[in-house]
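K.L.:
Here the sequence shown is numbered in UniProt numbering, starting from 1 and rising by one per residue.
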Amino acid sequence: MSEEVADSKVYANFGKYDEFSKTQAELLALDPNADPTPEEEMKEGRMLGKLLAILDEYQEQPYLADPFLSDLVSPVVDAIKAHARTPAAKSTTRIFRLSSLLYHYVKFRGSKTITRFFPHEVPDLAIAIDYMTREGSPTQDSAQWALRYVVLLWLSLICMIPFDLAQFDEEGQVGRTADLLDTLGKKYVDRAGLEREGAASLLARLYMRRDMLHRFDPFLTSATDAVNSDDVFTSLGVLQVICEVVKSGPEQVIRKSAPQLLALAEAELLTKNMLLRKYKTKLVARVALRLLPPRSRRKGTQLGAEGQVEEETEPEIDVPEEVETALEQLFGSLQDKASPDTVVRWSAAKGVARIAERLPIDFAEQVLETVLGLFAIHSVASASLYDVPTVAEGTWHGACLACAEMARRGLVTADKLPELIGWLDKALYFDLRKGAHSVGSNVRDSASYVLWALARAHDAALLAPHALALARSLVTVAVYDREISIRRAASAAFQEFVGRTGLFPHGIDVLRKTDFYAVSVRKNAFLVAAPETAEHPEYRIFLFDHLLDVTLRHWDPSGRFGTKGGGEGCEWRLLPTLNILADELELQSKLLQAVDGTDIHGGLLALSEVAAAYKERYSGSELESRLREIFSRLALVKPATLTAHRNELITAEACRLIASTLTLPEVELKDKGAVPHWRKVVEGGLCHRSAAVQDEAAAAMAALSGLGSGLTLCSTLIKDLKTTTMSARPTLGKMLGVLRYDKHANALKEVVECLLECVDASSPAKFHVEARKTCYEAISRVLGTVVDRLPELLTPEEVGALEQALLRGLEDYTMDERGDVGSWIRISSIQGLRDCAIMLLQRPALLPSYLRPDVYHAAVAGILKQGVERLDNVRAEAGACMLGLLMISPPNEEYAIEGGDAMRRMFLQGEPVPWSDGAVFFPKAATLLDVARYRKQVLSGMILSVGSRSESITRPMGESLAGYAASLPVTPKDSVPYSLYELLQDVLDHGKAHFTSNMVFVPVLQTLNVLLSSEKLQDALSDKDLSNQLSAIRLLATKNITRLKNVQRIQESMKIVVNLLPLTFSNQEDYVLCVEALTFFLTHEFPHIRTASAEYMCQLLPGVDLEGREEAVEEVLLETEWISPDKNLLEDAKTRVIAALKG
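1) Taking the alpha-carbon of Arg409 as reference, which of Ile355, Val388 and Leu372 has the nearest alpha-carbon?
2) Within 10 angstroms of the Cβ of Gly198, are there 16 or more other Cβ atoms? Answer buried if so, exposed if not.
3) For Leu851, which three-state DSSP category applies?
4) How many Å lie between Arg689 and Glu57 at the Cα?
5) Go ahead and label Asn442 buried or exposed: buried means 16 or more other beta carbons lie within 10 angstroms of its beta carbon, across all protein chains shown.
6) Assuming contact is defined by CB atoms lying nearer than 8 Å, are Trp452 and Ala478 in contact in what I supplied?
7) Go ahead and label Lys1055 buried or exposed: buried means 16 or more other beta carbons lie within 10 angstroms of its beta carbon, across all protein chains shown.
8) Would you call the region 879-893 and the region 925-943 in contact, with 3 or more CB pairs under 8 Å?
9) Under the three-state reduction of DSSP, which class applies to Gly819: helix, strand or coil?
10) Between the Cα of His214 and the Cα atoms of Gly819, Gln252, Thr23 and Ser70, which residue gives the shortest distance?
11) Comparing alpha-carbon positions, which option in Arg1136, Leu463, Glu393 and Tyr149 lies nearest Asp445?
12) With contact counted as at least three CB pairs below 8 Å, one residue from each stretch, are the region 690-698 and the region 665-672 in contact?
13) Rounded to whole angstroms, how far is the Cβ of Phe108 from the Cβ of Ser74, which I believe are closer than 8 Å?
14) Reducing DSSP to helix, strand and coil, say where Glu568 ends up.
15) Do Ile1123 and Thr1091 have their C-beta atoms closer together than 8 Å?
16) Which whole runs of the alpha helix (DSSP H) in the region 190-220 are 4 residues long or more, in chain order?
17) Helix, strand or coil for Lys299 per DSSP?
18) Taking Arg843 as the reference, give the member of Pro1102, Asp788 and Pro676 with the closest Cα.
19) In the DSSP assignment, the beta strand (DSSP E) including Lys434 goes from what residue to what residue?
20) Taking only three categories from DSSP, how would you classify Val550?
21) Near Leu52, what residues of its chain come up, given a Cβ to Cβ distance below 7 Å and the 5 sequence neighbours on each side ignored?
22) In or out: Gln495 buried (at least 16 other Cβ within 10 Å) or exposed?
23) Can you name, in chain order, every residue of its own chain whose Cβ lies under 7 Å from the Cβ of Glu568, other than the five neighbours on each side?
24) For Lys513, count neighbouring Cβ atoms within 10 angstroms of its own Cβ and tell me buried if that reaches 16, exposed if not.
25) Could you say if the region 284-292 and the region 225-241 meet the contact criterion of at least three C-beta pairs nearer than 8 Å?
26) Give a yes or no on contact between the region 910-930 and the region 846-853, applying the rule of three or more CB pairs nearer than 8 Å.
27) If you run the structure through DSSP and keep just helix, strand and coil, what is Ser438?
28) Quick one: grab the DSSP three-state call for Thr395.
29) On the CB-based measure, 16 or more other CB atoms within 10 Å of its CB, does Gln831 come out buried or exposed?
30) Do the region 799-806 and the region 815-823 touch if we need at least three Cβ pairs shorter than 8 Å?
31) When the distance is taken between beta carbons, is Ser608 closer than 8 Å to Arg656?
32) How big is the Cα-Cα spacing for Glu4 and Asp431?
33) Can you give me the Cβ contacts of Val10 inside the same chain, cut-off strictly under 7 Å, excluding the 5 residues immediately before and after it?
34) Out of Ile361, Val245, Val323 and Asn228, point me to the one whose CA is closest to Leu276's CA.
35) List the whole-angstrom C-beta distance separating Leu968 from Ser979, where the pair is believed to meet the contact cut-off of C-beta under 8 Å.
36) By Cβ distance, which residues of its chain are closer than 8 Å to Arg628, with the 5 residues on each side in sequence left out?
Written as structure tokens, this is what we have:
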């Protein structure tokens, strides 16, 4: 599982207040009763969108806006109130925006905070009621849900004012106002949207009024009928009302209705929906709380060892039977399994803790004991935590949440603390596999929450006996859990203990290594934080045990690979400092003998890391002895298991272990060694279909060759891999690139011949693109291995052949269903040429024999060409390699990059230039055409970019090339390196050279169209050479045009002919030829070509001067149906167009 941590920005203040208030003021200044024009509506929509975007930006820190809420919210509320007082208001568009803005304020900061800024005077009641009930009011519009919501919230606030509702009743209509409010609330309490929230708040506030208490009993009766129906939304609404009334209503009403309320909570419908179960849980808990006296002790008071209150003696109270019934229901809700959501269990946990806080001490201890008993429900018959069924997840999670809430309130007694910590020690590692994923992350998170709560609410003396065990468990989870949220939670709990108790060994130092940010990225937690923590002896052994018992045996491969140190920083490097090494190896050996492939893979992985640790600490015969001991452990795994195709992780790790531990004595013993089948494992890995297995097998071959052996095996494998399956052929290049040829000089010539054959796409071996890519990568690696002995091992001709192969790789444009897969080879060739050039330029003695100047400059030109082509990743790699070459000091002038000083100023000075960003890079890249030596290659790359199918490449390159062309003189001059005439001629020559290749010729035509739009051509039409060049462009574009079937090529040719009309108008002969060439396009057999030709001429002709002829042509073009199959119609229209153009 990949893990990318993208934390939100953290702000210090509401920095956009001025911008926000200014935009809101502009929005409020508009007349809400007027209908906006379409332009005004778009502008106002953008203004509202800007306001909402700012609120969303600060959504994670809404409290920053608190000092400004009064200035921001009050004007919006006043505008809505003013609209409500206008009976003639008809427009709804602008009031909808204001109500949406007010709703987003509520969303941003919460209804309790925002409603404080609502007007709440007695006269406001009549205004709000009239606004909600008036015929034609915007609130009657179904789309105005936000307006109804905020007005209902407004009414709920007004209902809290202590005045008599009867004073608003008209004479003879006693109770009319109350009836209106009651009816209004009930009208919307069954809605699916937010109106239900507002209506529930209104009804709750209404029924809590002393003069409205008599209305609650009838509502409760109707609520019983509602929850027994199948209407979920109605049930949600009435439950919200009842929960609010039970929370804040008069005590005598709640006590009288308690049996009815608890009976209501037992309705069957309330078990079928997660939100219904949540409100049912809230209702039960709140009823029980209202039946009990207020808190008998302050929050945070701790129980002593004998379970007595330390600060005061509590009075005896009688616990109603309804409280026991409520607790039973809450214990059931703690085990809610019907939904993965935690809200039901969380609500039940808070309810249990709040009730326990008001109960007598003995009763509270019984509650805690019952909660702890939930852990054992699914654990009685389980041998270990991993034998617990996955259905236990909900029970354990609910139990942990309840324990955390009770711990926060100081309700965990000293005699129960050891039992609780024992269960928490298991809950911290609750990670059970369920199908293709695991469950238990919420259990581990809540267990960390419990420990955090214990640190905050309990005395350090009570926690001291458990401090070391808790420190080890929390550190282990903080660095080795697979979930980022769990690692952070464990780190927070550790921090709380360190700050409040000071009991943890090396607390401050360990906290620094495992803080919030250190554990946020799994790689850093596993490979940096864990080894640093293991430096302390108190934690080291525990961390090792966890690695062996849990991490290396985890079902998720990414969790096991997290222990892979990659050569530095890994915790296994600390193993040789322990006296328990033998025991650790024995435990790893037991993993290798397991049946589960996960255990075997973890054991192999651990042994590989131990071998890497040995290499850092020991040397000579002692190192060889220890490596042979580890190598011998491989024999514990069955050969069939190591080579089975389905066990690719095991095969790859076995090859890695062989590469890490193989020694010369084991190689010389052959079949009599400790692991006689190791060669078969490596050979099987080389032929495996998985690229990861191939890489590790190639590394094993490299280790074998480093011991001075494997020459015969290498020759055999070359022959086998040439004829093996297509998926295994990439191994050949991987293997040949890593062998130690300084110890196998005799094999080098065979390897060079093999590589030259494999990179040749036309060779009989017919290597596919992935295999050729690895062979291209191997070329530079082979040369890098032998470069110090190059004259002894390879001739200049052989090295030159490899360099030419890399140059040919730059021209690989292989395409298949995956796209331009040839780009993989071009990237490998770019990297190979860069590496070869640098290693040879740094050894002047090898020049020019092994790198001729012309070859070097061809490589530079090829890299520059790739640097201006259409693929972003290719350009980025070409740019990186080119910068590497620019930073190398040439041994003499022959190897100096032409124009190198200008390139260094452009690319190495000032801000870095992103080669992958065409909009930024292409304007600078166009100036590379000033360098004559590389011009042909650079121009060919630019032409391909102009012809790209991506607008993000075509547009910036076309604009850059046109801008560069506009800066050039029309004809060649001695003082200027390039001219427009030469540029056009070079493009023409490129087109002639690739006339039969549509992939190149179409971009040539597109480039010519870009250049023909240059204004400089208009100013130099009298130049004879330029006139001849325009004729050559027309001839090239229309050559064999009647035989073409490629639609894109025909269209681009048509555009050139049309673009030449104004340019050749002064030359009657060329102009007539261009006009006559249009006959083919306007009467083409493809309707799409005819239509495109007419449309393009209509776009171009209005902007040119053909002495008035363009108007007559445009009239014919527009009145003709060019898609028509009527040949006579098309012929007549074509004749009229040609005649009009000829005048």
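Glycine included, every Cβ here is placed at the ideal spot set by N, Cα and C.
Since the model is a prediction, treat every value here as computed from it, not as a measurement.
P.N.:
Put simply:
1) Of the candidates Ile355, Val388 and Leu372, the residue whose Cα lies closest to the Cα of Arg409 is Ile355.
2) Within a 10 Å sphere around the beta-carbon of Gly198 sit 16 or more other beta-carbons, which makes this residue buried.
3) Leu851: coil per DSSP, three-state reduction.
4) Cα atoms of Arg689 and Glu57: separation of roughly 48 Å, rounded to the nearest angstrom.
5) Flag for Asn442 reads buried.
6) Not closer than 8 Å, so no.
7) By the neighbour-count rule (16 or more Cβ atoms within 10 Å), Lys1055 is buried.
8) Fewer than three Cβ pairs drawn from the region 879-893 and the region 925-943 lie within less than 8 Å of each other, which leaves the two stretches out of contact.
9) Of the three classes helix, strand and coil, the one that applies to Gly819 here is strand, per DSSP.
10) Ranked by Cα distance from His214, the options Gly819, Gln252, Thr23 and Ser70 are led by Gln252.
11) Cα-wise, what sits closest to Asp445 is Glu393.
12) The region 690-698 is not in contact with the region 665-672.
13) Wrong, their Cβ atoms sit about 15 Å apart, outside the cutoff.
14) With a pLDDT of 39 at Glu568, under the threshold of 50, the modelled position of that residue is not reliable, and no figure is offered here.
15) It is a contact, given that the beta carbons lie within the stated cut-off.
16) Those alpha helix (DSSP H) runs which fall completely within the region 190-220 and span 4+ residues are 195-207.
17) The predicted model places Lys299 with a pLDDT of 45, which falls under 50 and marks its position as unreliable, so this point remains unresolved.
18) Nearest option by C-alpha distance: Asp788.
19) Leu432 to Lys434 is the extent of the beta strand (DSSP E) around Lys434.
20) Here Val550 sits in coil by DSSP.
21) Hits under 7 Å: His104.
22) Gln495 should be labelled buried.
23) In this prediction, Glu568 has a pLDDT of 39, which is less than 50 and means its spatial position is unreliable; nothing more can be read from the coordinates.
24) Here Lys513 is buried. Its C-beta has 16 or more other C-beta atoms within 10 Å.
25) Contact fails: fewer than three Cβ-Cβ distances are below 8 Å.
26) No: fewer than three Cβ pairs fall under 8 Å.
27) Ser438: strand per DSSP, three-state reduction.
28) Judged by DSSP in its simplified three-state form, Thr395 adopts helix.
29) A residue is called buried once 16 or more other Cβ atoms fall within 10 Å of its Cβ, and Gln831 is buried on that count.
30) Touching, no, given that fewer than three Cβ pairs across the two stretches are closer than 8 Å.
31) Taking 8 Å as the Cβ cut-off, Arg656 and Ser608 qualify as a contacting pair.
32) Here Glu4 scores only 42 on pLDDT, less than 50, and its place in the model should not be relied on; the value that follows carries that caveat. Answer to the nearest angstrom: the Cα atoms are 21 Å apart.
33) Within the same chain, no residue comes within 7 Å of Val10 by CB-CB distance, once the 5 residues on both sides are set aside.
34) Taking only the C-alpha atoms, the option nearest Leu276 is Asn228.
35) With 8 Å as the limit, Leu968 and Ser979 qualify as a contact, their Cβ atoms being about 5 Å apart.
36) Closer than 8 Å at Cβ, skipping near neighbours: Thr661, Thr663, Pro665, Glu666 and Ala674.
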